[in-house]
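What follows is a set of notes on a single structure, which appears directly below.
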Amino acid sequence: MNWFITLFSSTLGKKLIMALTGLFLITFLVIHLIGNLQLLHHDQGRAFNTYAEFMGTNPLVQIISKVNFALIIMHAVWGLILTIRNRKARGSQGYVVVKNSSPWTSRNMGVLGTLILIFLVVHIKHFYAEAHFGNIAPANYDGTDVKDLYGTVVHWFSVDWYVALYVVCMAALGFHLWHGFASAFQTLGINHPKYSPLVRFVGRAFAVIVPALFALIPIVMFFTHGV
Ligand code: HEM
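The sequence shown begins at 9 in our numbering and counts up one residue at a time.
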C-alpha cells in the first residue's frame, strides 16, 4: 500500500493520474459528441430526446456518469496541484530570466483547464441539473412521454452570449487537447520513434475536429432557432 501512496504523491504519479483520467474523458467526449450531433436532425428533437432519455435512465450509464464526474474532479484537482507546483518551481529560479521554449499550449494547460472547468460548471447547471432535477415538459413519441431536453437546448442556444461562450470555451478545449492528447501517451510511455508522429497527428486532428463539431452545434442551432 505504501508504494501506492508514494507513487501517487510523486510528480510522476500525478502525471499518470492526469494521463489516465484524461484518456477516459477523451472517450467520454467522443460519445457525448455523437449524442449531441442528434440535435442537428431536422426532427424537432426526436432523435436527441430519445437518446437523452436512454442515457438519463439506463442504470449502467448512471454508474458510468458518476465515475465520469469523479474523474473530472480528480483531473481538475491534480492538474491544479501540478500547475501550482510548476509555477513555484519556475518562481524559485529567482531573477534569472529563463526563456521557456515549451509550446504555448503546454505552458498554459492550467489556464485552459480552468476555463474548461468554468464552462463545465455553467454547462452542468443548465443541462445536466435541468435534465435530472428540473421541471422539463414532456414530449410524446408513439404514446411514450420523454423529457423534452431538446427544448432546453434550443432555449439556451437561442441566446447570443451563451453561444459565444460555448464557442470560446470549445477553442480552449481544442488548445487543451492539442497538448494533452499526445502528452498522455508520452506519460504512459507509449513513446516510440515509429508511432509517436502518428499519435501526435491523431491527437492534433482530434483537438481540431472534436471541439469544432461541438462548437458547430450551438452555432447551427442559433441560426436555425435563435434569429
Ligand atoms: C454542443 C455542445 C454540448 C451540448 C449540446 C451538450 C449537452 C449536454 C446535455 C443535454 C447534458 C445533460 C444530459 C443528461 O445528463 O441527461 C450534458 C451533460 C454533460 N456534458 Fe455536455 N454538451 C455539450 C458539450 C460538452 C462539452 C464540450 C463537455 C466537456 C468539455 C461536456 C460535458 C458534459 C458533462 C460532463 C455532462 C454530465 C454527463 C454525465 O452524466 O456524466 N458537454 N451535456
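For every residue, glycine included, the Cβ atom is placed at its ideal position computed from N, Cα and C.
Is residue i near the ligand HEM, judged by its Cβ being under 7 Å from some heavy atom?
i	result
H233	no
A192	no
I4	The structure shown has nothing for residue 4, since the chain only spans 9 to 235.
A172	no
H83	no
G8	Given a span of 9 to 235 for the chain in the structure shown, any question on residue 8 remains unanswerable.
G87	no
L128	yes
P226	yes
I182	Position check: residue 182 holds Gly in this sequence, whereas Ile was assumed. G182: no, Cβ never under 7 Å from the ligand HEM.
G64	yes
Could you check which residue in the options has the C-alpha nearest to that of residue i?
i	options	result
T249	A220, N94, F62	Because the chain in this structure spans residues 9 to 235, residue 249 falls outside the shown range and cannot be described.
H187	P111, H233, V130	P111
H233	L47, L15, T35	L47
T91	T19, F193, T65	T19
G118	D51, A180, I34, T195	A180
R115	Q52, F32, R98, C177	R98
Q52	I227, A190, Y158, A215	Y158
V75	N148, H134, T65, F32	F32
A220	C177, R208, N66, A78	C177
P226	F165, M26, H184, G43	F165
Count the other CB atoms, across all protein chains shown, that sit within 10 Å of the CB of residue i; report buried if there are 16 or more and exposed otherwise.
i	result
T29	buried
F243	Since the first residue of the chain shown is 9 and the last is 235, residue 243 is not available in this structure.
N57	buried
Enumerate, from N- to C-terminal direction, the unbroken alpha helix (DSSP H) stretches of 4 or more residues contained entirely within the region 106-194.
112-115, 117-131, 137-141, 157-164
**Q.** Sequence ranges, alpha helix (DSSP H) only - wholly within the region 21-88, length at least 4
**A.** 54-65
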